[in-house]
Amino acid sequence: MHIYLDILFLENFIINRFLLSLTAKTVKEKVNSIFLSLASIIGSSYLLFILIGKKTYANNIFFKLLVAFCMVFTIFRKKNIIFKLKTTFIFILYSILLAGICIFMQIANGNGLKSNVAIVNFPYKKLLMAIILLYLLLERIVSFIRDRIVLDKLIYKIDIDLKNSKKSINAFLDTGNELVEPVTNLPVIVVEKDIFQKNEIEDYDTVYIPFSVVNGDRGMLKAIKPEMVSIYKKREIEKKEVLIAFSDKKLSSSGDYRALLSRGIIF
Numbered sequence: 001m002h003i004y005l006d007i008l009f010l011e012n013f014i015i016n017r018f019l020l021s022l023t024a025k026t027v028k029e030k031v032n033s034i035f036l037s038l039a040s041i042i043g044s045s046y047l048l049f050i051l052i053g054k055k056t057y058a059n060n061i062f063f064k065l066l067v068a069f070c071m072v073f074t075i076f077r078k079k080n081i082i083f084k085l086k087t088t089f090i091f092i093l094y095s096i097l098l099a100g101i102c103i104f105m106q107i108a109n110g111n112g113l114k115s116n117v118a119i120v121n122f123p124y125k126k127l128l129m130a131i132i133l134l135y136l137l138l139e140r141i142v143s144f145i146r147d148r149i150v151l152d153k154l155i156y157k158i159d160i161d162l163k164n165s166k167k168s169i170n171a172f173l174d175t176g177n178e179l180v181e182p183v184t185n186l187p188v189i190v191v192e193k194d195i196f197q198k199n200e201i202e203d204y205d206t207v208y209i210p211f212s213v214v215n216g217d218r219g220m221l222k223a224i225k226p227e228m229v230s231i232y233k234k235r236e237i238e239k240k241e242v243l244i245a246f247s248d249k250k251l252s253s254s255g256d257y258r259a260l261l262s263r264g265i266i267f
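What follows is the structure, encoded as C-alpha cells:
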C-alpha cells in the first residue's frame, strides 16, 4: 500500500483541528486560530515522526499522552495545570470516540481488523472528512455572524457639529471605557484624527486628558470641545455635551467604526 505523507499530514491536521475545536467548545473557551493550527501541526508531525522515523518508543501510551498534553498546552498556555490536564483528558476522550467510529465503520463494511494495524484507508473516510470540513466551515460562519450581531448592537451613528462643518461617523460603545475630563467631568469620545481637516479644529481651545490602560501605560490625549454631538439611538436622537479626543491610530482594523464612546455617554 502506498501512503502519501502530504495527504496523510493534511488529513490528520484537519482531524486534529476538528477535535481541538470541539474540545475548546466543551470547556467554553475562545481560542486563537493561529495556536489552534500550531497545535494541530504538532499532532500531525508526531504521526509522521512515527511513520518515517519508525521510533518504537514514540508509539507507547506515555508518549502519546505527552503529545496530547503539548497540543492542549499550546492552545491554553495561560491556564493552570489542572485545567490543562482536564482539557487533555477531554481531547483524548474525543479522539478515542472518533477512532471508535472509524473502527465501527470498518467492521460494518465487512472488513475485519488485525492487531497492530493502523487504518489509513477505509470506505467512509471521505465522508467523514467532508463532515469534519463542513463542521469547521459552519463553525467559522456561525462565529462570524454571532460576532457581527454583537458588534452591530454596540455601534452607533453620531454627528459631530463643529463651527463650520459636521462629521457623521460610526462609533463603537466601549463598555470598559470610562474616560472623562477630570475638571468638568464631561465624557470623552475618542475619534480618529484624520477625519478632521486642520482648519476645522484649529480655532478650538485644546484640552489635555490623562488616560491609563489595563497594561499600566499612561498618557495624555489632545481634545477639543465641539459645538454639539448627536447620538442616533433606536428611537431617538440624543444631543450630548462632550469632548472629542484625537487618536492617531485606526480604531477598527475592518473600518466598522472610527470613534469610541465611553460608557457614560450612553448610560
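186 is the number that the UniProt record's numbering gives to position 186 of the sequence shown; each next residue is one higher, with no gaps.
Just so you know, even glycine gets a beta-carbon here, dropped at the ideal spot from N, CA and C.
List the endpoints of the continuous alpha helix (DSSP H) containing F73.
-> I61 to I75
Residue(s) in a DSSP beta bridge with A39 = Beta-bridge pairing links A39 to no other residue.
State buried or exposed for V183, treating a residue as buried only when at least 16 other CB atoms are found within 10 Å of its CB.
-> exposed
Below 8 Å between beta carbons: does that hold for residue 273 and I209?
-> One cannot answer for residue 273 here, as it falls past the ends of the chain, which runs 1 to 267.
In its own chain, which residues sit with a C-beta less than 8 Å from the C-beta of S254, not counting the 5 before and 5 after it?
-> none
Is the number of C-beta pairs between the region 58 to 75 and the region 4 to 13 that are closer than 8 Å three or more?
-> no
State the start and end residues of the unbroken beta strand (DSSP E) segment that holds I155.
-> I155 to D161
Count the other CB atoms within 10 Å of the CB of V142; is the residue buried (16 or more) or exposed (fewer)?
-> exposed
Helix, strand or coil for L186, going by three-state DSSP, please let me know.
-> coil
From the DSSP output, in three-state form, read off L173 for me.
-> strand
So, are the CB atoms of G43 and V180 less than 8 Å apart?
-> no
Sequence-distant residues of the same chain with beta carbon closer than 6 Å to S21, five excluded per side = none
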